[in-house]
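Worksheet for the structure shown next.
Protein chains: 2
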Amino acid sequence: MGSIDRTPAMVDLSHHINSKSRARRASPLKDIIKFMSYDGMISFAGGLPHPSLFPLESAKFECLTPTAPLSGDRHQHKGQSDDVLSLVLGRGPSPGDIDLTQFLQYGSGAGNRQLIDLAKELTTEVHRPPCEFECLLHPGNTNAWAKVVGLLCEDSDFVIVEEFTYPSAQALWIPLGIKAVPFPADTEGILTSSLRKTLLDWDEKERGAKRPHVLYLVSVGSNPTGITIPTQRRREIYDICVEFDTIIVEDDPYYSLQYPSYHTPKEETFEPKTTKDFLNTLVPTFLSLDFQGRVIRLESFSKTLFPGLRLGYFVANPIFTERLLRATEVETQDSAGLSQGFVLALLNRWGVDGYLTWLQNLQCQYRTRRDWLLDAFNRSFTVLPADKSPVPRDQGLVACVESSQAGGELRPVFSFVDPGAGMFVWCKFYFGGVERFAGIESSGDSHDPEQDFADELWEAWARESVLLTPGSYYHAWQGPEKMTTRARGAEVRTAHFRFSFATPTRDQIDFGVERLAKIVSRFWQQRYRLKWSTCCS
Amino acid sequence: MGSIDRTPAMVDLSHHINSKSRARRASPLKDIIKFMSYDGMISFAGGLPHPSLFPLESAKFECLTPTAPLSGDRHQHKGQSDDVLSLVLGRGPSPGDIDLTQFLQYGSGAGNRQLIDLAKELTTEVHRPPCEFECLLHPGNTNAWAKVVGLLCEDSDFVIVEEFTYPSAQALWIPLGIKAVPFPADTEGILTSSLRKTLLDWDEKERGAKRPHVLYLVSVGSNPTGITIPTQRRREIYDICVEFDTIIVEDDPYYSLQYPSYHTPKEETFEPKTTKDFLNTLVPTFLSLDFQGRVIRLESFSKTLFPGLRLGYFVANPIFTERLLRATEVETQDSAGLSQGFVLALLNRWGVDGYLTWLQNLQCQYRTRRDWLLDAFNRSFTVLPADKSPVPRDQGLVACVESSQAGGELRPVFSFVDPGAGMFVWCKFYFGGVERFAGIESSGDSHDPEQDFADELWEAWARESVLLTPGSYYHAWQGPEKMTTRARGAEVRTAHFRFSFATPTRDQIDFGVERLAKIVSRFWQQRYRLKWSTCCS
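In the order they appear, the protein sequences are chains A and B.
Counting from 1, one number per residue, gives the positions in the first sequence under the UniProt record's numbering.
Counting from 1, one number per residue, gives the positions in the second sequence under the UniProt record's numbering.
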């Protein structure tokens, strides 16, 4: 890879745009808009309703300051008045923070110009993209991804994903006949040797489709795996994408929620770093490595402000944002005006530095929650580094229980990675030696013993009032013939579950893990003798 | 048609759902949600951010009352305090009008339950649909139509539209290879004889596609034609749709903006009718005639509250709303929370009756604006009923100028229909006898003399600082080979322009029509001698 010239240079990537997206034309109605601004022009064109006839006169928002003390277990902040600021969006000559009228009317599709400029300023500050880029507002990353699929993918394409991937992203493209090419990952994300080999050896005839040209990644605090891809692995992945002309779609809602490791001592109170110091703690994004303009970054305010905004923005090569704008005009139009107005007023008041301070404030809160969950793991299980555990071939940490039968030796229950970002801990459970699982496996009745036992375990937890997300939700979709553990080529006698630490309280986390461990003990310590339906009914 | 049984009965319409929409599956993540509400359940499932970490504490909206005096020429209402009410959306135990927190978090895709219930109440009150129906929120009719195309149309289908149709609706499906089957209309909308004959005679082989099964209509105050289809024509169209198993997509943003005719005397001040009397003035919708569940109605708050909300709702057969919900989950998720919260709080406070009173208030304002434009037409032109005009074959009204050459006889300039609804007047211009046009036509240099002269006219107006929307924007898309006036089979020596009366002030309307008439005189009175570029530069 040493031969790659990393001098920033846009390369022509227009061949990635699919036929439908290429066929989109700018709305002719938009052409007239430029004439409308001429001095003295009287317009009977356009089809906008009259702004004097909108029934909303003003909006006032009470918001927290970036450094307001947050208390993770209350559902409502009770800040001192110092911690609260008022944003006023009015109409007429003294509107307040910003004039509301522009956000009540139809927009151009691209979104409010000042908000786009703020997005660009933030992008430059945080990512310093080496290539020319453009920002375009969108109504949340779900829609952003739908538009990117509409931009790049033909029906029946393959898309490159991690072995465990975000199910809603897949649910969008499965009906289009698109399938995943999943890649195994270690604690640092996709294995590049595997990625490169598959792309190199891609046989269009055998696969029935051309080599995949889109890589979809949640590269920080991945949902579900919690993995954050470190810098060196990112460079390797990027270089492979250059080599095989692949577009990287960087869906990155958790970027600012990167944490020091579990064992790093924690400050008693939140002390913000300078913006520079804060940014230095964050891993570089694919966008910041993108010297060719082949990264499409999906930014969202859902995790940093709130999801109900349905607001985010694309950062991408202008040839892509131009086509995405054409799709926006006919598929969604501008994002909701109150969302745009609120975010613009808030970011104006906070400033870019204030926003980045707020992100540190959040980071600190979610780090605490991550620690609560790992504390609870440590209380209910014996957690060992993988190399000292009974399953040393796995990396990360292994939660074990003492066997009641085999002389008290430690038996592995699940392995996990201390998540350096995001909201999830991804746990790989080991079913080997669990009597109930062995029974299912040896009965010959089960099409997929791992999945059947995982379902049984999930139900046992649910009856004890603990809910986890089954790992099967995140299996990359390779078609109906590749759904069982064996057909997928997954490791036998294992299955995954995802823990979210974002919403439960500390007490709930403690009780929840205790209850979960109780069920685990029942299965793993082999006291299990009866059919579950008998013992638990 | 007398043999049709109009007893309400849902018929099985599931065969209209296209293959991609049928392939959508409910998100497995949503299955867990029902468990989350169990008492004492501790959930590590779900991936929601923590609501205590959202920086918005409360929102307060100052709104007009339904009967607030509106002044059409001011861009800001200066109501008395009696005309303004405050909506408060707070968090915690005393939130105010409604609790804000639910609107800040992710939703289920369907939208807020109370808002959906209000939509259903409003639908029942206004339309009394004879069949079972469901409501589903959407982020504006642009997106709603995109989702309906995604529900019903296969690539390369034909869609039935009016001869002149809404361009953004077409822009969505043109890249999919979909084409329009346009139908001519009279002053009451699509000609049913023509519609029935085309569907009856449809030759799948010759057309290269199956008989179209989707009819797209803006049936009240159509954009661009201003036509409102009266009851009898609606029944005839509906019956043809039953006969040929067609789904009607009723895109109806102007439904409440129906006006008495131009010559009806106007009250000095706004006097709201009772809800019952108001509703009796409105033409029945296709939904209200729909005894089989084949109407998909697109409702929007863009014209009744404000467009920046990006909020509306589908009303349709539950088999369609269920599939539309599946698309919503993966394509857009819930509409923006601040929009939902604002509309719910406002409609709760106003009540359904208050909302319908507000619609009358708006109706009165837009009626006034319609009258301003027709007043101006009457001042600058001699407006005759078609049967007394030089072009009696057209219905509606004909604006004429006196010829300076031919003994002062009246020469037709354009015909139009007094729009009984909406925001537009659609004008058909007559180029026959206009010397400049005759020159273009006889030169043999022009591929499409009508369009070339229309472009010249548009530019001449623009240089006089008057903007109209060219009729060509609204031509139904029949493929690149059917773009000229003759290839489309349109009436020769005519072209259309659209006037919007929604936003200009009364003075602007007066001056604008005067300036426009000046240019018209130059061309129509045959004083025109020089090339336009010479005389106007």
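Every residue, glycine too, gets a C-beta built ideally from N, C-alpha and C.
Nearest residue (CA-CA) to residue i, options the options
i, options, result
"A/P504", "B/S43, B/T7, B/R22", "B/S43"
"A/V413", "A/F424, A/G422, A/F437, A/T225", "A/F437"
"B/D31", "A/W524, A/L152, A/G96, A/T469", "A/T469"
"B/L27", "A/K482, A/G479, A/F501, A/Y474", "Correcting the residue identity first, residue 27 of chain B is Ser in this sequence and not Leu. Closest by alpha carbon: A/Y474."
"B/W173", "B/A144, B/D455, B/D155", "B/D155"
"B/G471", "B/R498, B/R486, B/H447, B/T484", "B/R498"
"B/G111", "B/G177, B/D418, B/L311", "B/L311"
"B/R22", "A/H16, A/Q451, A/P175", "A/P175"
9 Å Cβ cutoff, residue i in contact with chain A
i, result
"B/H50", "yes"
"B/W358", "yes"
"B/R498", "yes"
"B/R522", "no"
"B/V466", "yes"
"B/I174", "yes"
"B/S71", "yes"
"B/P8", "no"
"B/L374", "no"
"B/K518", "no"
"B/S43", "yes"
"B/P504", "yes"
"B/Y38", "yes"
"B/N348", "no"
"B/S27", "yes"
Chain B within 9 Å of residue i, Cβ atoms only
i, result
"A/A487", "no"
"A/P55", "yes"
"A/D334", "yes"
"A/C131", "no"
"A/T246", "no"
"A/A399", "no"
"A/Y255", "no"
"A/T321", "no"
"A/R74", "Its pLDDT being 49, under 50, A/R74 is placed unreliably by the model, and the measurement read from it follows with that caveat. Chain B contact via Cβ: present."
Reduced DSSP secondary structure (H/G/I, E/B, other) of residue i
i, result
"A/H127", "helix"
"A/W524", "helix"
"B/H16", "helix"
"B/T165", "coil"
"B/Y366", "helix"
"B/Q258", "strand"
"A/E322", "helix"
"A/E299", "strand"
"A/T7", "coil"
"A/P385", "strand"
"A/C153", "coil"
Cβ of residue i within 9 Å of any chain E Cβ
i, result
"B/A110", "Here the protein chains are A and B, and chain E is not one of them."
heavy atom of the ligand FAD below 8 Å from residue i C-beta
i, result
"B/H50", "In the structure shown, the ligand FAD is absent, as is every other ligand, since no ligand is present at all."
task: Check whether the region 150-162 of chain A touches the region 312-322 of chain B, taking contact to mean three or more Cβ pairs, one atom from each stretch, closer than 8 Å.
output: The region 150-162 of chain A is not in contact with the region 312-322 of chain B.
message: Across the region 190-208 of chain A and the region 132-143 of chain A, are there enough close Cβ pairs to call them in contact, namely three or more that are closer than 8 Å?
response: They do not touch, by the three-pair rule.
- prompt: Counting pairs of Cβ atoms below 8 Å between the region 339-349 of chain A and the region 165-181 of chain A, do you hit three or more?
  reply: No, the region 339-349 of chain A is not in contact with the region 165-181 of chain A.
query: Does the count of Cβ pairs from the region 246-259 of chain B and the region 204-219 of chain B closer than 8 Å reach three?
result: With the cut-off at 8 Å, the region 246-259 of chain B and the region 204-219 of chain B touch.
query: Okay, do the region 1-15 of chain A and the region 452-472 of chain B touch, 3+ Cβ pairs below 8 Å being the bar?
result: No, the region 1-15 of chain A does not touch the region 452-472 of chain B.
query: Using Cβ-Cβ distances below 7 Å, what residues of the region 474-486 of chain B are close to chain A?
result: Identification of residues in the region 474-486 of chain B having a C-beta nearer than 7 Å to some C-beta of chain A yields an empty set.
query: What are the residues of the region 192-211 of chain B that lie near chain A, defined by any Cβ-Cβ distance shorter than 9 Å?
result: Within the region 192-211 of chain B, no residue qualifies.
- request: Could you run through the region 426-444 of chain B and flag, in chain order, every residue whose CB is less than 7 Å away from some CB of chain A?
  value: From the region 426-444 of chain B, no residue has a Cβ closer than 7 Å to chain A.
message: Could you check whether the region 437-453 of chain A touches the region 269-287 of chain A, counting it as contact only if at least three pairs of C-beta atoms, one from each stretch, sit closer than 8 Å?
response: The region 437-453 of chain A vs the region 269-287 of chain A: no contact.
query: Taking Cβ-Cβ distances below 8 Å as the criterion, which residues of the region 294-319 of chain B are in contact with chain A?
result: Going along the region 294-319 of chain B in chain order, one finds S302, K303, L305, F306, P307, G308, L309, R310, L311 with a Cβ nearer than 8 Å to chain A.
message: Can you confirm whether the region 292-308 of chain A touches the region 103-113 of chain B when touching is taken to mean that 3 or more C-beta pairs between the two stretches lie within less than 8 Å?
response: Contact annotation: the region 103-113 of chain B touches the region 292-308 of chain A, with at least three C-beta pairs closer than 8 Å.
- request: Mind checking the region 218-237 of chain B against chain A and listing, in chain order, the residues whose C-beta falls within less than 7 Å of any C-beta there?
  value: Flagged, chain order: N223.
task: Could you name the residues of the region 82-108 of chain A whose beta carbon sits closer than 8 Å to any beta carbon of chain B, in the order they occur along the chain?
output: Flagged, chain order: V84, R91, G92, T101, F103, L104, Q105, Y106, G107.
task: For the region 225-241 of chain B and the region 413-432 of chain B, state whether three or more C-beta atom pairs, one from each stretch, are separated by less than 8 Å.
output: Using a C-beta cut-off of 8 Å, the region 225-241 of chain B makes contact with the region 413-432 of chain B, since at least three inter-stretch Cβ pairs fall below that distance.
message: For the region 267-288 of chain B, list every residue whose C-beta sits within 8 Å of some C-beta in chain A, in sequence order.
response: The residues in question: there are none.
- request: Would you check if the region 34-49 of chain A and the region 483-502 of chain B touch, i.e. whether three or more CB-CB distances between them fall below 8 Å?
  value: Look at the beta carbons and you see the region 483-502 of chain B touching the region 34-49 of chain A: at least three pairs across the two are nearer than 8 Å.
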